[in-house]
Ligand SMILES: NC(=O)c1ccc[n+]([C@@H]2O[C@H](COP(=O)([O-])OP(=O)(O)OC[C@H]3O[C@@H](n4cnc5c(N)ncnc54)[C@H](OP(=O)(O)O)[C@@H]3O)[C@@H](O)[C@H]2O)c1
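Numbering (full-length UniProt numbering), first residue to last: 1 to 268.
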């Protein structure tokens with residue numbers, strides 16, 4: 001869709017721009033999905049420690065984004081979550097509060113934050129959707145991460161009701177791809193498995209896989225997220241085709257997390 005004459009350029013700030021998801025968005029933009037009226041700014045903790053309110057505000061004052069894709073977070077796999085629940089809670093709550101409040105103070109038109117399917121109630125029915133996030137406690141293994149992410153939804157509602165801000169969130173499932181964390185202890189399922197297979201082949205030793213093998217998991221390759229243009233020119237509306245561990249294809253929108261899994265999600 002062509003922009004109306006005189007439309008203001010968009011400055012899109014991506015927090016967590018050096019991570020798995022941020023790098024994938026950057027590649028998609030560089031490969032041609034960016035529009036001429038957009039300026040994309042990808043930032044990392046080197047640009048500002050977002051747990052620090054003053055640094056966060058200074059970053060927003062410097063770039064004055066019209067739109068924000070908020071990805072920055074403390075992220076990790078099952079064992080890191082079990083070990084550092086308190087740190088996950090504190091760091092992510094600070095980051096989210098600082099980013100959302102700076103976006104409000106500096107007048108960003110829209111913020112899209114990133115939640116995760118692993119924050120849903122441990123005991124739930126499937127398929128899951130965004131109305132069910134707060135319907136019960138999350139899995140105990142990652143309660144710190146889960147509650148901190150759920151609070152983004154609470155804050156978004158507050159900023160909308162009190163100030164009319166268009167702050168929203170998406171709920172992707174487990175993502176894998178280039179720039180993933182391949183640390184076996186700290187990372188997610190697929191990069192951990194890839195690393196284990198690599199090590200087993202390299203050293204000629206047996207491959208040992210954790211767990212019962214029974215849970216069904218859903219994964220999205222990071223570079224399969226691509227933008228589709230809506231008539232209203234909305235910023236990002238990717239259609240992703242997740243791959244389930246049963247090896248079949250299904251289509252989903254990222255604001256709806258209908259899943260074919262029968263098992264509850266645990267830490268991603
Ligand atoms: N990976 C998944 O499977 C998955 C699934 C669902 C949702 N998500 C969500 O998607 C988002 C991105 O995840 P990801 O896998 O791309 O994470 P990631 O690879 O671990 O990257 C995290 C990003 O956050 C930045 N960051 C961390 N702490 C920061 C701080 N204090 N100040 C400023 N920046 C900070 C990091 O910057 P540095 O590089 O400087 O450290 C990095 O750019 C997260 O919100 C996550 O919860 C991820």
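Glycine included, every Cβ here is placed at the ideal spot set by N, Cα and C.
Return yes when the C-beta of residue 116 is under 7 Å from any heavy atom of ligand 1, and no when it is not.
-> Here residue 116 is taken as the residue at index 116 of the chain shown, counted from 1. Because some heavy atom of ligand 1 lies under 7 Å away, the Cβ of residue 116 counts as near it: yes.
Which residues mark the beginning and the end of the alpha helix (DSSP H) in which residue 82 is found?
-> On the chain shown, position 82 is the one that residue 82 refers to. Unbroken alpha helix (DSSP H) run through residue 82: 78-83.
Check whether the Cβ of residue 16 sits closer than 7 Å to any heavy atom of ligand 1, and report yes or no.
-> As a working mapping, residue 16 is identified with position 16 in the chain shown. Residue 16: yes, Cβ under 7 Å from ligand 1.
Is residue 191 helix, strand or coil by DSSP?
-> Position 191 of the chain shown, counted from the first residue, corresponds to residue 191. Helix.
Would the stretch 100-111 and the stretch 56-68 be scored as touching if the rule is three or more Cβ pairs under 8 Å?
-> Yes, the stretch 100-111 touches the stretch 56-68.
Bridge partners - residue 114, DSSP secondary structure assignment | The sequence position of residue 114 within the chain shown is 114, counting from 1. BP columns for residue 114 point to 170.
Buried/exposed call for residue 74, threshold 16 Cβ in 10 Å | In the chain shown, counting from the first residue as 1, residue 74 sits at position 74. Buried, by the Cβ-count rule.
Using three-state DSSP, classify residue 105 as helix, strand or coil.
-> To locate residue 105, count along the chain shown from 1; it is residue 105. Look at residue 105 here: in three-state DSSP terms it is helix.
What does a CB cutoff of less than 6 Å around residue 98 pick up in its chain, not counting 5 residues either side in sequence?
-> The residue labelled residue 98 in the question sits at position 98 within the chain shown. A distance below 6 Å between beta-carbons, with the five flanking residues on each side excluded, links residue 98 to the following residues of its chain, in chain order: 50, 53 and 56.
Where does the unbroken beta strand (DSSP E) through residue 67 begin, and where does it stop?
-> As a position in the chain shown, residue 67 is number 67, starting the count at 1. Looking at the DSSP string, the run of the beta strand (DSSP E) that includes residue 67 is 67-70.
Starting from residue 23 and walking both ways along the alpha helix (DSSP H), at which residues does that stretch end?
-> Within the chain shown, the letter at position 23 stands for residue 23. Taken as a continuous stretch (DSSP letters only), the alpha helix (DSSP H) holding residue 23 covers 20-28.
Between residue 62 and ligand 1, is the CB less than 7 Å from at least one heavy atom?
-> Within the chain shown, the letter at position 62 stands for residue 62. No; taking the cut-off as 7 Å, the Cβ of residue 62 has no heavy atom of ligand 1 nearer than that.
Would you kindly report the start and end of the unbroken beta strand (DSSP E) that includes residue 152?
-> On the chain shown, position 152 is the one that residue 152 refers to. Where residue 152 is concerned, there is no enclosing beta strand (DSSP E), although the alpha helix (DSSP H) around it starts and stops at 143-163.
Just checking my contact of residue 19 with residue 71 at CB under 8 Å: how many whole Å lie between their CB atoms?
-> As a position in the chain shown, residue 19 is number 19, starting the count at 1. As a position in the chain shown, residue 71 is number 71, starting the count at 1. At roughly 6 Å, the Cβ-Cβ gap stays under 8 Å, so residue 19 and residue 71 are in contact.
Where does the unbroken alpha helix (DSSP H) through residue 223 begin, and where does it stop?
-> Position 223 of the chain shown, counted from the start, is the residue given in the question as residue 223. Looking at the DSSP string, residue 223 is not in any alpha helix (DSSP H), and its letter there is neither H nor E.
Based on Cα-Cα distance, which residue from 186, 33 and 190 lies nearest to residue 176?
-> Residue numbering aside, residue 176 sits at position 176 when the chain shown is read from its first letter. Cα-wise, what sits closest to residue 176 is 190.
Inter-stretch contact at 8 Å, needing at least 3 Cβ pairs: the stretch 77-95 / the stretch 143-153 = Counting C-beta pairs closer than 8 Å gives three or more between the stretch 77-95 and the stretch 143-153, which meets the contact rule.
Just how far apart, CA to CA, sit residue 156 and residue 166?
-> Working through the chain shown from its first residue, we reach residue 156 at position 156. Working through the chain shown from its first residue, we reach residue 166 at position 166. Using only the alpha carbons, I get a separation of about 8 Å.
Which residue from 25, 184 and 14 puts its Cα closest to that of residue 63?
-> Counted from its first residue, the chain shown places residue 63 at position 63. Distances from the alpha-carbon of residue 63 to those of 25, 184 and 14 put 14 closest.
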